[in-house]
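Line order of the protein sequences matches chains A and B.
According to full-length UniProt numbering, the first sequence is numbered sequentially starting from 1.
According to full-length UniProt numbering, the second sequence is numbered sequentially starting from 1.
The beta-carbon is built from N, C-alpha and C at its ideal position, and this holds for glycine as well.
Note that the structure is predicted; figures quoted are calculated from it, not measured.
2 protein chains.
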Amino acid sequence: MAVFAGQGDARRSMRLLWRDRAPGAGAAGRAVGSGRRPGLDVDAVVDAAIALADEDGMAAVSMRAVGQRLGRTAMALYTYVADKAELVDLMCDKVLGELPVDYPLDSGWRVALTAWARDSREFYLRHPWVLQVSQARPVLGPNEFTTVETLVRVLRATGLEASVLRGVLGALVQFVRGAAAVIADARSAARETGLGDDEWWYSRSSLLEEVSPDFADRFPLSTWFGQEPPPPVPGNECAPYLERDAVRNFEVGLAVLLDGVEATVARGGA
Amino acid sequence: MAVFAGQGDARRSMRLLWRDRAPGAGAAGRAVGSGRRPGLDVDAVVDAAIALADEDGMAAVSMRAVGQRLGRTAMALYTYVADKAELVDLMCDKVLGELPVDYPLDSGWRVALTAWARDSREFYLRHPWVLQVSQARPVLGPNEFTTVETLVRVLRATGLEASVLRGVLGALVQFVRGAAAVIADARSAARETGLGDDEWWYSRSSLLEEVSPDFADRFPLSTWFGQEPPPPVPGNECAPYLERDAVRNFEVGLAVLLDGVEATVARGGA
DNA sequence: CACGGTACTTTACGCCGTAAGGAGTGGCAA
DNA sequence: TTGCCACTCCTTACGGCGTAAAGTACCGTG
Numbered sequence: 001m002a003v004f005a006g007q008g009d010a011r012r013s014m015r016l017l018w019r020d021r022a023p024g025a026g027a028a029g030r031a032v033g034s035g036r037r038p039g040l041d042v043d044a045v046v047d048a049a050i051a052l053a054d055e056d057g058m059a060a061v062s063m064r065a066v067g068q069r070l071g072r073t074a075m076a077l078y079t080y081v082a083d084k085a086e087l088v089d090l091m092c093d094k095v096l097g098e099l100p101v102d103y104p105l106d107s108g109w110r111v112a113l114t115a116w117a118r119d120s121r122e123f124y125l126r127h128p129w130v131l132q133v134s135q136a137r138p139v140l141g142p143n144e145f146t147t148v149e150t151l152v153r154v155l156r157a158t159g160l161e162a163s164v165l166r167g168v169l170g171a172l173v174q175f176v177r178g179a180a181a182v183i184a185d186a187r188s189a190a191r192e193t194g195l196g197d198d199e200w201w202y203s204r205s206s207l208l209e210e211v212s213p214d215f216a217d218r219f220p221l222s223t224w225f226g227q228e229p230p231p232p233v234p235g236n237e238c239a240p241y242l243e244r245d246a247v248r249n250f251e252v253g254l255a256v257l258l259d260g261v262e263a264t265v266a267r268g269g270a
Numbered sequence: 001m002a003v004f005a006g007q008g009d010a011r012r013s014m015r016l017l018w019r020d021r022a023p024g025a026g027a028a029g030r031a032v033g034s035g036r037r038p039g040l041d042v043d044a045v046v047d048a049a050i051a052l053a054d055e056d057g058m059a060a061v062s063m064r065a066v067g068q069r070l071g072r073t074a075m076a077l078y079t080y081v082a083d084k085a086e087l088v089d090l091m092c093d094k095v096l097g098e099l100p101v102d103y104p105l106d107s108g109w110r111v112a113l114t115a116w117a118r119d120s121r122e123f124y125l126r127h128p129w130v131l132q133v134s135q136a137r138p139v140l141g142p143n144e145f146t147t148v149e150t151l152v153r154v155l156r157a158t159g160l161e162a163s164v165l166r167g168v169l170g171a172l173v174q175f176v177r178g179a180a181a182v183i184a185d186a187r188s189a190a191r192e193t194g195l196g197d198d199e200w201w202y203s204r205s206s207l208l209e210e211v212s213p214d215f216a217d218r219f220p221l222s223t224w225f226g227q228e229p230p231p232p233v234p235g236n237e238c239a240p241y242l243e244r245d246a247v248r249n250f251e252v253g254l255a256v257l258l259d260g261v262e263a264t265v266a267r268g269g270a
C-alpha cells in the first residue's frame, strides 16, 4: 500500500514542474470529475509566493502568509502543493523563465558571456531569494535546463573540451551568484536593520577603534585596503557606497575571469 | 534612559569579539563583584554551538539545543550572549581562527594563491554552516580581519593596483565559497534525505524521461553535457560521484581564474 | 435527492526565538 | 553574623513556523 518513500513525492513534483501550461491542457493534469471546483490553481499559489519573496525576502514566505495573500488559510495551499519544499522548487523554476535564452555569437563568445553574466546578475538582484536555495540537487525543471542550455551553447563557442568547459561553467556561475549575493545581502541588511551601509560602516568603524586601538598596527593591509578611494562607476553614481563598490568589483572580476578563459582557449585551442 | 537603538548591542558584540582571552584577563571583561559565580563562559557556549553546527548543520543550532548540550535551558544562554545573531557572529569569527595566516611567496604568488584556495575550500567543508551566514555586513572580528590580511598580503605580490586587486579578491572568494557550497549542499542533502547522490540522480533521471519524453531533443546540449564521462581525479577515486566532479571543477576553475590574474598582471604590470 | 469526491477550515502538536518574572547562590558591607 | 544585592539559572508564556487530523461546505454525478 505504501508508496516507496520519496518516490511518490518526487514524481508529483516533476509532473508539476513539467506540466503542460497550454490553454487546452485543462485542470493541469488534475482528474476532472465530481467535487467542488478549485478556486485557485498551482500558478496562483506559486505567483503569490514569488511576489511575497520578491517584496520581503524568503523569510516572509510562510504558508500562512501565502495563504493570506490569496484569501485562504495556510492549509488550503496543501491541495495545490505537497509541501513548502515543493513550492520553493516551483518558485525557482518559474522565475528562471525570465532569463534570456539566446546570446548571439556574432561578436564572439566573450561579448556573449559578458552579456550573460550581467543579465544573470540582474536576475539574481530581482529575485535574491533564489540565491538561498540549495545548489546541489537542483530542481530539474524545464527552465533550469534551459539556462544550462543557454550557457553551454555560448561556452561551446570557445572550443574548450568538455571537462574544462565544466570547470569554466562552474567558475562563472559561482562568481555571478557570489557577486550578486553580496549586493543582495547588503540590501536586505539595510532593509531589515533600517540602517544604510554608510551609517552602519561609520558606527562600526568607530566601535572598532574603541575596541581595538592598535588596529592599524595589527592589520596594516586591511587598513590600506579599506582606505583606497574607489573611483565611481559610470551610471551608478547615486547607488549606495558599498553597492557601487560591488558593481565595480563585478566588472573587474568578470574581466579577469574571461581573460583566464581566453588564456586557456589560446593554450589548448586549435 | 533608553540607549540608542542597536548601538548598545553593537558595542556589546564588538567587545565580545575582541575580548582579551589572555589568562590574566579574568572574567572576560565582566564586572567582577558580588553575585553568583558563572558556571559557564562565552567560549563554552560558542564552542557548543560550533560543535552542534559542525555535526548537524546550522539548522540544528537552536538556543534550546545548545543549552541542552551544556546541561542548561535555552534561557540560561542569554546571560552570556545577547541573542542568537550575536552567537552566530561569535561562532563565525572563532572558526575563522583555524585558517592558516601565512603563505610564503618564495615560489611566487600563484603557488601561494592555489594553496590559499585549497585551504579555504577545506575550511568551508569542515564548517559548511559558515557559508550560510550573510556576507554583507561582515562580523568585523579579529579573525575575520586576519583572513583579509592574509589574502591581501599574497595578492599584493601580484603588483596589481588597489581597485583591480579588490576585484580579484572578490572573484577568488566568490569562487571558493561557491565551489565549497556545491559540495557542502550535496553532502547535507545526502544526509537529510538519506539518499546518496547516485541514487538521487538515477531516480530523478528516470522520472525526467517519464515526464519529458522528448528531453534529448529539447535539451541537446544539456544531454551532451551530462553524458561526457568525467575522468577520475587522483586521490579522490572513492568519493561520491558528484563530489569527485566538484573537486575536478574546482581545480579547473581555479587554474582558469589564476590564468586570468596572470594575464591581467602581464598586461598592467611593470 | 442522496452520495462521493473535492476545497477549504479549524484545531492541534511540537518546534523556534525570546520576554517576563521568580528562585536560589554567593560576595560584600554593616 | 546578618542582610542585601548582584548575579545565574529556571519556569512559564507568547506569537511565529510547517503540517497532521478531522470536520464542513460545496459540487457534479447516479
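The Cβ atoms of residue 162 of chain B and residue 224 of chain A lie closer than 9 Å to each other. Runs of the alpha helix (DSSP H) lying entirely within the region 87-136 of chain A, each at least 4 residues long, are 109-126 in chain order. Restricting attention to B:187, B:267, B:183, the CA atom closest to the CA of residue 248 of chain B is found in B:183. Residues of the region 46-68 of chain B that bring their beta carbon within less than 8 Å of a beta carbon in chain A are absent altogether. Between residue 242 of chain A and residue 139 of chain A, the CB-CB gap reaches or exceeds 9 Å.
Only residues of its own chain outside the window of five on either side were considered, and among them 105, 109 have a CB closer than 7 Å to the CB of residue 157 of chain B, listed in chain order. Following the DSSP letters along the chain, one finds residue 200 of chain B inside the alpha helix (DSSP H) bounded by residues 197-211.
Close to residue 122 of chain A, with beta-carbon spacing below 9 Å, lies no residue of chain B; the smallest spacing is near 17 Å. Within the region 168-184 of chain A, the residues whose Cβ lies closer than 9 Å to some Cβ of chain B are 168, 169, 170, 171, 172, 173, 174, 175, 176, 177, 178, 179, 181, 182, 183, 184, listed in chain order.
Residue 188 of chain B: member of the alpha helix (DSSP H) spanning 162-193, first to last residue. Taking the beta carbon of residue 39 of chain B as reference, no residue of chain A falls within 7 Å; the closest one sits roughly 27 Å away. Between residue 91 of chain B and residue 65 of chain B a beta carbon distance of about 13 Å is seen, past the 8 Å cut, so the two are scored as non-contacting. Residues of the region 251-266 of chain B with a Cβ closer than 9 Å to any Cβ of chain A, in chain order: 251, 252, 253, 254, 255, 256, 257, 258, 259, 260, 261, 262, 263, 264. In this structure, residue 121 of chain A lies near residue 250 of chain A, with their beta-carbon atoms less than 9 Å apart. Of all residues in the region 85-109 of chain B, none has a C-beta nearer than 9 Å to a C-beta of chain A. Secondary structure of residue 157 of chain A (DSSP, three-state): coil. With distances taken between CA atoms, residue 217 of chain A lies nearest to B:146 out of B:146, B:222, B:192.
Judged by DSSP secondary structure, residue 73 of chain B falls outside any alpha helix (DSSP H); it is assigned neither H nor E.
Approximately 6 Å separates the beta-carbon atoms of residue 171 of chain A and residue 257 of chain B; this is inside 8 Å, confirming the contact. Excluding sequence positions up to five before and after residue 198 of chain A, its CB lies within less than 6 Å of the CB of 241, all in the same chain and listed in chain order.
For a Cβ distance threshold of 9 Å, nothing in chain B lies close to residue 112 of chain A: the least Cβ distance comes to about 14 Å. For residue 268 of chain A, the enclosing alpha helix (DSSP H) covers residues 241-268. Per DSSP, residue 20 of chain A lies in no alpha helix (DSSP H) and is assigned neither H nor E. When the five nearest sequence neighbours on each side are left out, the beta carbons in the same chain lying within less than 6 Å of the beta carbon of residue 181 of chain A are those of 131, in order along the chain. Closer than 9 Å to the CB of residue 189 of chain A there is at least one CB belonging to chain B. Between residue 226 of chain A and residue 264 of chain B, the alpha-carbon positions lie close to 22 Å from each other.
In the three-state reduction of the DSSP assignment, residue 151 of chain A falls in the helix class, which pools H, G and I.
With distances taken between CA atoms, residue 154 of chain A lies nearest to A:111 out of A:111, A:222, A:253.
Judged by DSSP in its simplified three-state form, residue 40 of chain A adopts coil rather than helix or strand. Cα atoms of residue 253 of chain B and residue 124 of chain A: separation of roughly 22 Å, rounded to the nearest angstrom. When the beta-carbon positions are compared, residue 117 of chain A and residue 46 of chain A stay at least 9 Å from each other. DSSP places residue 222 of chain B within a helical segment (H, G or I) once states are collapsed to three. The DSSP-derived three-state label of residue 141 of chain A is coil. By the CB criterion at 9 Å, residue 43 of chain A and residue 21 of chain A fall inside the cutoff. In the assembly as shown, residue 245 of chain B is a buried residue. Its beta-carbon has 16 or more other beta-carbons within 10 Å.
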